[in-house]
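The next block holds one structure in the form of structure tokens; read it before the comments.
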Amino acid sequence: MSHRNDTSNCCSFKIPGQRNWQTMGSTEQTTEILLCLSPVEVANLKEGINFFRNKSTGKDYILYKSKSRLRACKNVCKHQGGLFIKDIEDLAGRSVRCTKHNWKLDVSTMKYINPPESFCQDELVVEMDENNGLLLLELNPPNPWDSEPRSPEELDFGEVQITYLTHACMDLKLGDKRMVFDPWLIGPAFARGWWLLHEPPSDWLERLCQADLIYISHLHSDHLSYPTLKKLAGRRPDIPIYVGNTERPVFWNLNQSGVQLTNINVVPFGIWQQVDKNLRFMILMDGVHPEMDTCIIVEYKGHKILNTVDCTRPNGGRLPTKVALMMSDFAGGASGFPMTFSGGKFTEEWKAQFIKTERKKLLNYKAQLVKNLQPRIYCPFAGYFVESHPSDKYIKETNTKNDPKELNNLIKKNSDVITWTPRPGATLDLGRMLKDPTDSKGIIEPPEGTKIYKDSWDFEPYLEILNAAVGDEIFLHSSWIKEYFTWAGFKDYNLVVRMIETDEDFNPFPGGYDYLVDFLDLSFPKERPQREHPYEEIRTRVDVIRHVVKNGLLWDELYIGFQTRLQRDPDIYHHLFWNHFQIKLPLTPPNWRSFLTCCEQNGPGISQECKTT
16 MSHRNDTSNC CSFKIPGQRN WQTMGSTEQT TEILLCLSPV EVANLKEGIN
66 FFRNKSTGKD YILYKSKSRL RACKNVCKHQ GGLFIKDIED LAGRSVRCTK
116 HNWKLDVSTM KYINPPESFC QDELVVEMDE NNGLLLLELN PPNPWDSEPR
166 SPEELDFGEV QITYLTHACM DLKLGDKRMV FDPWLIGPAF ARGWWLLHEP
216 PSDWLERLCQ ADLIYISHLH SDHLSYPTLK KLAGRRPDIP IYVGNTERPV
266 FWNLNQSGVQ LTNINVVPFG IWQQVDKNLR FMILMDGVHP EMDTCIIVEY
316 KGHKILNTVD CTRPNGGRLP TKVALMMSDF AGGASGFPMT FSGGKFTEEW
366 KAQFIKTERK KLLNYKAQLV KNLQPRIYCP FAGYFVESHP SDKYIKETNT
416 KNDPKELNNL IKKNSDVITW TPRPGATLDL GRMLKDPTDS KGIIEPPEGT
466 KIYKDSWDFE PYLEILNAAV GDEIFLHSSW IKEYFTWAGF KDYNLVVRMI
516 ETDEDFNPFP GGYDYLVDFL DLSFPKERPQ REHPYEEIRT RVDVIRHVVK
566 NGLLWDELYI GFQTRLQRDP DIYHHLFWNH FQIKLPLTPP NWRSFLTCCE
616 QNGPGISQEC KTT
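By this note's numbering, the letter at position 342 of the sequence shown is numbered 357, and the numbering carries on one by one without gaps.
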């Protein structure tokens, strides 16, 4: 049986051929000794999984011993930093299970097996010393923000001001420059599933137009809001917008959107971008979703502002400490799981308990992250949305979210970090707050009587866009199904999916499509195949699925937007399937013009083989 041991005698070792990591310069690669085992502890290692803790740091590690080698990693799940324990369902003794979301890691291969075919765990270097003791080493690249370091200068009052607008949108005054984060100020996000909780300040468009630069963290529509950018482009199409060089371009859909922006700048990760002599910024990638998610460090006169946005593991968990201001998401609920699932364990009672537990875990995780990084000031943001459309009443009632005040109270119990719960139009004066956190002018709240929460939303213009797809000529021809999924390019995977077009209440849409897709050979059978296969049933509102299909959009519009209802057998998350349709679809939409031309040439008949009766 594996064991947990406390070890703390790490600092006495030096590694032959390596420089002492504790004395190296911050811009050089370092080698850190994480754990040391004595010769006796090494001799007592058991075949299979061994758990250890470094008593002096409180960090946990896993060693896997086989006849041929030793492998090691941090006991930290790559998903959301959960702790692994032994997987009692694994009789072979090779896997561990995360206590947060039941992700499973095969430590013998360092590959995650739930979700299958997804991620690999970062390995540590295992080195034996001359006395048969053992060292666990981590090779750390230099922190990019430490290049050309600057000492903080005293800030004048009013020199640096941060104004909260809505959700993840902040307006930063930095000397004589203005910078805006993630402007979502009108319209929905994720098709029609998310709407703004807060009423933006009435001058939001003027604020955007006055900005010297805008940072957009990633392609999700609560950060990249084309309705907002369309308003901005009508006034300032040449406004400089900066994004990270992600595998999936942030503005991959710009041409389709019809928004005329002419000054989009894609910058490399981990390199300072100089704005003026006092201001620079650096974009970093996410460790779990580097293909799309980013975060940013803004530095003015040596004072750093860290915005981790939606990153699951920003910069792989390596972040600057003691920054002047840190902001991050906090709310949870930004997923269709588990509210949109049914069947099996997914009872209302199970879902309610799961959501309650997950929100508490997220609060504790964020509080611990803030405690570890020790910013002077922390602000929870990027979680202020609501499922306000009447059709999504069930989601609104079920999908409870964390209270930012509760998180801030938890942070204050465990640290001396100053917290700020923002309201639309509120402004934090960084110079005042750093000098005296009790200064009554450090945070200026919006004037009394200012409307804080939205109580009405202009649904119709956006629903009309979605509804326009329902009667599109494409869907008169059932062969669109083969055309679309061939374009999508996902195959050679043993999964059968039943897709059902529905009305608002997720009942079959009269005359809508109900069909099977076998992704093993990309066929469209009338019945499920005889072979053993995983199966998912996806019910989707007809207006949204047809809008997504017609425009070649990512399926986050469906899943994160709560526009689906799902069942799966067995209850396994198929990472490759969902990752493909949420991230890896082609960058250009299907060529429906060519498709319709082909249909006309083949005759006017409308095939009914995939339609419901």
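Glycine is no exception: its CB is placed at the ideal position from the N, C-alpha and C atoms.
Status (buried if at least 16 other CB within 10 Å, exposed otherwise) for residue i
{"i": "residue 583", "result": "buried"}
{"i": "residue 455", "result": "exposed"}
{"i": "residue 616", "result": "exposed"}
{"i": "residue 468", "result": "exposed"}
{"i": "residue 532", "result": "buried"}
{"i": "residue 570", "result": "buried"}
{"i": "residue 649", "result": "In this structure the chain extends from 16 to 628, so residue 649 is not present and cannot be described."}
{"i": "residue 55", "result": "exposed"}
{"i": "residue 558", "result": "buried"}
{"i": "residue 232", "result": "buried"}
{"i": "residue 299", "result": "buried"}
{"i": "residue 214", "result": "buried"}
{"i": "residue 35", "result": "Bear in mind that a pLDDT of 32 at residue 35, under 50, signals an unreliable position, so the number given afterwards is only what the model happens to contain. Counting Cβ neighbours within 10 Å, residue 35 comes out exposed, since fewer than 16 surround it."}
{"i": "residue 167", "result": "exposed"}
{"i": "residue 602", "result": "exposed"}
{"i": "residue 447", "result": "buried"}
{"i": "residue 553", "result": "buried"}
{"i": "residue 160", "result": "buried"}
{"i": "residue 407", "result": "buried"}
{"i": "residue 561", "result": "buried"}
Beta-carbon proximity of residue i to residue j, cut-off 8 Å
{"i": "residue 386", "j": "residue 430", "result": "yes"}
{"i": "residue 555", "j": "residue 519", "result": "no"}
{"i": "residue 434", "j": "residue 393", "result": "yes"}
{"i": "residue 80", "j": "residue 139", "result": "no"}
{"i": "residue 481", "j": "residue 207", "result": "yes"}
{"i": "residue 226", "j": "residue 250", "result": "no"}
{"i": "residue 202", "j": "residue 240", "result": "yes"}
{"i": "residue 322", "j": "residue 302", "result": "no"}
{"i": "residue 390", "j": "residue 443", "result": "no"}
{"i": "residue 295", "j": "residue 158", "result": "no"}
{"i": "residue 605", "j": "residue 499", "result": "yes"}
{"i": "residue 438", "j": "residue 462", "result": "no"}
{"i": "residue 95", "j": "residue 327", "result": "yes"}
{"i": "residue 152", "j": "residue 49", "result": "yes"}
{"i": "residue 46", "j": "residue 154", "result": "yes"}
Close beta carbons around residue i, own chain, < 6 Å, minus the five adjacent residues each side
{"i": "residue 535", "result": "509"}
{"i": "residue 222", "result": "186"}
{"i": "residue 293", "result": "190, 315 and 316"}
{"i": "residue 120", "result": "111, 127 and 136"}
{"i": "residue 607", "result": "489"}
{"i": "residue 210", "result": "203, 401, 403 and 472"}
Sequence-distant residues of the same chain with beta carbon closer than 8 Å to residue i, five excluded per side
{"i": "residue 626", "result": "Any answer about residue 626 is weak, because its pLDDT of 47 lies below 50 and its placement is not dependable; what the coordinates show is given next. Answer for residue 626: 493, 526, 527, 528 and 529, listed in chain order."}
{"i": "residue 156", "result": "44"}
{"i": "residue 355", "result": "410, 574, 577, 579, 580 and 581"}
Same chain only: Cβ atoms within 7 Å of residue i, ignoring 5 sequence neighbours per side
{"i": "residue 452", "result": "433"}
{"i": "residue 263", "result": "234, 306, 307 and 598"}
{"i": "residue 114", "result": "97, 98 and 100"}
{"i": "residue 347", "result": "373, 374, 377, 416 and 417"}
{"i": "residue 278", "result": "253, 254, 255 and 256"}
{"i": "residue 92", "result": "99, 113, 115 and 118"}
{"i": "residue 148", "result": "51, 52, 53, 54 and 57"}
{"i": "residue 595", "result": "505"}
Short CB-CB distance (under 8 Å) between residue i and chain B
{"i": "residue 277", "result": "Absent from the structure is chain B; it holds one protein chain and no more."}
Distance cut-off 7 Å: residue i Cβ against heavy atoms of the ligand MN
{"i": "residue 575", "result": "As far as ligands go, the structure on display features none, and thus does not contain the ligand MN."}
Practice task
Please determine if the region 483-497 and the region 606-617 are in contact, where contact requires at least 3 C-beta pairs separated by less than 8 Å.
Solution key: The region 483-497, when compared against the region 606-617, does touch it at the 8 Å Cβ threshold.
Handout entry: 3 or more residues per run - each beta strand (DSSP E) lying fully within the region 97-179
Key = Correct list: 99-101, 110-113, 119-121, 126-129, 140-143 and 149-155.
Problem - Three or more C-beta pairs below 8 Å linking the region 298-312 and the region 250-266 - result: With a cut-off of 8 Å, the region 250-266 and the region 298-312 count as touching, because enough Cβ pairs lie within range.
Handout entry: Whole runs of the beta strand (DSSP E) within the region 404-467, excluding any shorter than 3 residues
Key = Those beta strand (DSSP E) runs which fall completely within the region 404-467 and span 3+ residues are 442-444.
Handout entry: Given 8 Å, three or more beta-carbon pairs between the region 563-571 and the region 534-549
Key = Look at the beta carbons and you see the region 563-571 not touching the region 534-549: under three pairs across the two are nearer than 8 Å.
Exercise for the section: Identify every run of the alpha helix (DSSP H) within the region 235-287, keeping only runs that are complete inside it and at least 4 residues long; order them along the chain. Expected result: Annotation: the region 235-287 contains the following complete segments of the alpha helix (DSSP H) (minimum length 4 residues), in chain order: 241-248 and 269-272.
Exercise for the section: Check whether the region 194-207 touches the region 240-250, taking contact to mean three or more Cβ pairs, one atom from each stretch, closer than 8 Å. Expected result: Yes, they touch.
Problem - Ordered list of alpha helix (DSSP H) runs contained in the region 45-95, each at least 4 residues - result: As far as the region 45-95 is concerned, its whole alpha helix (DSSP H) runs of at least 4 residues are 54-58.
Exercise for the section: Scan the region 185-218 and note each continuous alpha helix (DSSP H) run of 4 residues or more that stays entirely inside, going in chain order. Expected result: Uninterrupted alpha helix (DSSP H) stretches at least 4 residues long and entirely within the region 185-218 do not occur.
Exercise for the section: Evaluate the contact criterion for the region 414-430 versus the region 368-376: three or more CB pairs, one atom per stretch, below 8 Å. Expected result: Below 8 Å, enough C-beta pairs join the region 414-430 and the region 368-376 to call them touching: three or more.
Exercise for the section: Tell me, please, whether the region 97-109 touches the region 61-73 by the rule of three or more beta-carbon pairs shorter than 8 Å. Expected result: Because the criterion of three Cβ pairs below 8 Å is met, the region 97-109 and the region 61-73 touch.
Practice task
Mind listing, in chain order, the continuous beta strand (DSSP E) runs of no fewer than 3 residues lying wholly within the region 299-334?
Solution key: Taking only runs of at least 3 residues, the beta strand (DSSP E) segments lying wholly in the region 299-334 are 309-315 and 318-322.
Practice task
Check whether the region 172-179 touches the region 141-161, counting contact only when three or more Cβ pairs, one atom from each stretch, lie closer than 8 Å.
Solution key: The region 172-179 makes no contact with the region 141-161: fewer than 3 CB pairs, one atom from each, lie closer than 8 Å.
Exercise for the section: Mind listing, in chain order, the continuous beta strand (DSSP E) runs of no fewer than 3 residues lying wholly within the region 488-569? Expected result: As far as the region 488-569 is concerned, its whole beta strand (DSSP E) runs of at least 3 residues are 511-517, 529-533 and 550-556.
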